[in-house]
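Residue numbers (this note's numbering), protein chains in the order written: chain A, 17 to 255; chain B, 57 to 317.
Glycine is no exception: its CB is placed at the ideal position from the N, C-alpha and C atoms.
Just so you know, these numbers come straight off a predicted model, no measurement behind them.
Notes for the one structure printed next.
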Amino acid sequence: MKDPLTMTPGELKDWLSNRLRMRGPASTGLDLRGDEAPYERPLHIWKTAKGNFQHEFLRAILALVEDAAVKAWDTNSFDQLVRLIEAGRIHEATAVLEAIAHSRILLTFRHGAQLRMQALRTLLALGWTGSLDFWQAQAEVIGVQWPGLIFKGLARHSIESAFSSLPSLAVDAKAMRQVLDLFPGLMRAQKLSLFYLRELSRNTVGHFRGRQSLLVLGKGKRGQPFIIDNSESQMGSGL
Amino acid sequence: MSFHQAEIADSSIAGVANVLLDSLREHTYIRNVNQIYENMDADPLIGDTIGINQPACRVELMVRVAPHVADLPLVRAETELFCRDHLQEGPEIPDVADTTFGRVCTFESLVRAIADPSNPAGLDDARALLRDAIDAPPSPMRLPRQRADLVGKNLSRFQMWSFPAADPANPFAEIGPVRQEAVDILGLGYISPLEEVVSLAHRLPAETGAHRPTAWDAGCFNCWRIGGRTYRLDRDEYGLLEVVHDPIKGEHLVTSIDTLL
């Protein structure tokens, strides 16, 4: 079996495709006990690649993304491909992912909504913002299953817009949990203070009229509930 | 029936044993360059013949790699793939419902498990969520908070290796609080000093069983030994009992996830 560094462009693309899809000999050498992800070795290759090989490796990655827009990959394998792009900060993939996002082609495939979520998640990780209208439109397409992604996309423009959309996005406890899971990352990425988040949360609470149970995430040590705006109890997700 | 004995019994796989030996040899593992082959050759949990509810037998591996004997790297690759196809075939451990299992893994492996294909969180989001959960100050609410934050999230991508804790009230008493001792006694192999290592303890959900690992579960991991116990990295001694099982989720934690220093 050839070392990827010595492969032809065609062989490299095939190797990468099989590696990410956990198919055949290309997918071996994985440290299953250490829970190594299939994209990790390609990531290491990307980070250490130089010169013409780096160029060919990038072409292989972009070609696989374009292929995935024509013939659907399964969601596990596509996730590995876009996690490689995300972890490798491969900004060169932004244009092709953006084209896929605007075309809605993935939605025609089985599990298309999840594939689309994975593509949009990667775009956000690469620093892409989209537009407010774009994210508001996504609510209809993938917002039921992935409200957290819509919230994060809106927050990229305006944290206030994101919070004002929360009552329509967080329709149940699972949806709310998905949004809350993003708070630690949001606080770091957008340098939001805990005070500011609490204020935004407090302002939003009133809009959950009749759905206060969504705000109760657990019980504190004296039986106090974990809720979004209770400044005296502990909140979930690091608040 | 060893690999060589299987060759004697079946002429169609003549010569495959030596090819396997050569393909699985690891010259950099100075404790025993043929450890992987010997694990597969001597594991008493692996039977002589194909059987129902039995681990795959050695003959099946030899039949699989026989067409590729001219290509040693391909023989090794096919061996790995064979092992991957035969996980958790060892004896099931009875009565695990009330057993507390301990596990040591890297922080980043947990991040990658949390950031699964259905999760809209980016890798940095998953990292931040886990960072906050682990860095929360000691308090009676630390475990409930971690459970709430990680509910529904897998804590492993592939099958998990764990050890049954002798004392559920103190599941890490046998490995201690020190990172290197824990890694050594559990035989985890080389982990970069730059990697954060964490411990966690859990119970299994009702639908999940645990199995004694076979050489197929260990695959080409040369630090593993037959016998159902871990093998210390720093000396020739066995460590703790070990099992393999499907991934568990955050709600199955029974201790908080903590960094080992």
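Item: Members of the stretch 46 to 65 of chain A near chain B, C-beta cut-off 7 Å; Value: Leu48, Arg49, Gly50, Asp51, Ala53
Item: Closer than 7 Å at the beta carbon, the chain B residues around Leu140(A); Value: Gly178
Item: Neighbour flag for Met133(A) against chain B, beta carbons, 8 Å; Value: yes
Item: Test: Met136(B) CB closer than 8 Å to a CB of chain A; Value: It is Glu, not Met, that sits at residue 136(B) in the sequence shown. So, interface residue.
Item: Listed by chain order, chain A residues near Gly275(B) by CB distance under 7 Å; Value: Leu48
Item: Glu82(B) (DSSP reduced to helix, strand or coil); Value: coil
Item: Pro220(B): first and last residue of the uninterrupted beta strand (DSSP E) it sits in; Value: 216 to 220
Item: Chain B contacts from the stretch 156 to 171 of chain A (Cβ-Cβ distance under 8 Å); Value: Trp162, Gly164, Leu165, Lys168
Item: Separation of Ala153(A) from Asp188(A), as counted between CA atoms; Value: 20 Å
Item: Spatial neighbours of Ala171(B) in its chain, beta-carbon cut-off 8 Å, leaving aside the 5 residues before and after; Value: Ala177, Gly178, Leu179, Asp181, Ala182
Item: For Arg114(B) and Leu123(A), the rounded distance between their alpha carbons; Value: 46 Å
Item: Where the alpha helix (DSSP H) through Thr220(A) begins and ends; Value: 210 to 221
Item: Contact list for the stretch 182 to 194 of chain A against chain B, Cβ threshold 9 Å; Value: Lys190, Arg193, Gln194
Item: Leu233(A) (DSSP reduced to helix, strand or coil); Value: Any answer about Leu233(A) is weak, because its pLDDT of 47 lies below 50 and its placement is not dependable; what the coordinates show is given next. Three-state DSSP puts Leu233(A) in coil, outside helix and strand.
Item: Buried or exposed by the 16-neighbour rule on C-beta atoms within 10 Å, applied to Ser312(B); Value: buried
Item: Min CB distance Ala103(A) to chain B below 8 Å; Value: yes
Item: Member of Val160(B), Gln236(B), Ile92(B), Ala98(B) whose CA lies at the smallest distance from the CA of Leu289(B); Value: Gln236(B)
Item: Cross-chain neighbours of Met17(A) in chain B, by beta carbon under 7 Å; Value: Pro129, Leu130, Ala133
Item: Local Cβ density within 10 Å of His60(A), reported as buried at 16 or more and exposed below that; Value: exposed
Item: 8 Å Cβ cutoff, Gln154(A) in contact with chain B; Value: no
Item: Close beta carbons around Asp99(B), own chain, < 7 Å, minus the five adjacent residues each side; Value: Thr270, Ala271, Ile282
Item: Proximity test, Thr84(B) beta-carbon vs the ligand NAP heavy atom, cut-off 7 Å; Value: Ligands displayed in this structure: none; no statement on the ligand NAP is therefore possible.
Item: Under 8 Å between C-beta atoms of Thr324(B) and Arg259(B); Value: Nothing about residue 324(B) can be reported from this structure: the residues present for chain B run from 57 to 317 only.
Item: Closer than 7 Å at the beta carbon, the chain E residues around Asn34(A); Value: In the structure shown, chain E cannot be found, because the protein chains are A and B.
Item: Cut-off 6 Å between Cβ atoms - residues of its own chain near Ala238(B), not counting five sequence neighbours on either side; Value: Val160, Ile231, Leu316
Item: Beta-carbon proximity check, Gln206(A) vs Ile175(A), cutoff 8 Å; Value: yes
Item: DSSP state of Leu211(B) mapped onto helix, strand, coil; Value: coil
Item: Under 9 Å from the C-beta of Gly201(A): neighbouring residues of chain B; Value: Ala177, Gly178, Asp180, Asp181, Ala182, Arg183, Ala184, Leu185
Item: Under 8 Å by beta carbon: chain A residues contacting Cys161(B); Value: Gly50, Asp51
Item: CA-to-CA distance, Asp151(B) to His267(B), given in whole angstroms; Value: 11 Å
Item: Trp144(A) versus His118(A) - alpha carbon distance; Value: 13 Å
Item: Extent of the continuous alpha helix (DSSP H) run through Gly26(A); Value: 25 to 36
Item: Candidates Leu256(B), Asp273(B), His301(B), of which the one nearest Gly158(B) by Cα; Value: Leu256(B)
Item: Pick from Glu164(B), Glu307(B), Gly146(B) that is closest to Arg102(B), judged by C-alpha positions; Value: The displayed chain sequence assigns Ile, not Arg, to residue 102(B). Nearest option by C-alpha distance: Gly146(B).
Item: Outcome for Asp273(B) when other beta-carbon atoms lying within 10 angstroms are tallied against a minimum of 16; Value: buried
Item: Residues of the stretch 209 to 240 of chain B whose Cβ lies closer than 7 Å to any Cβ of chain A, in chain order; Value: Ser212, Arg213, Phe214, Trp217
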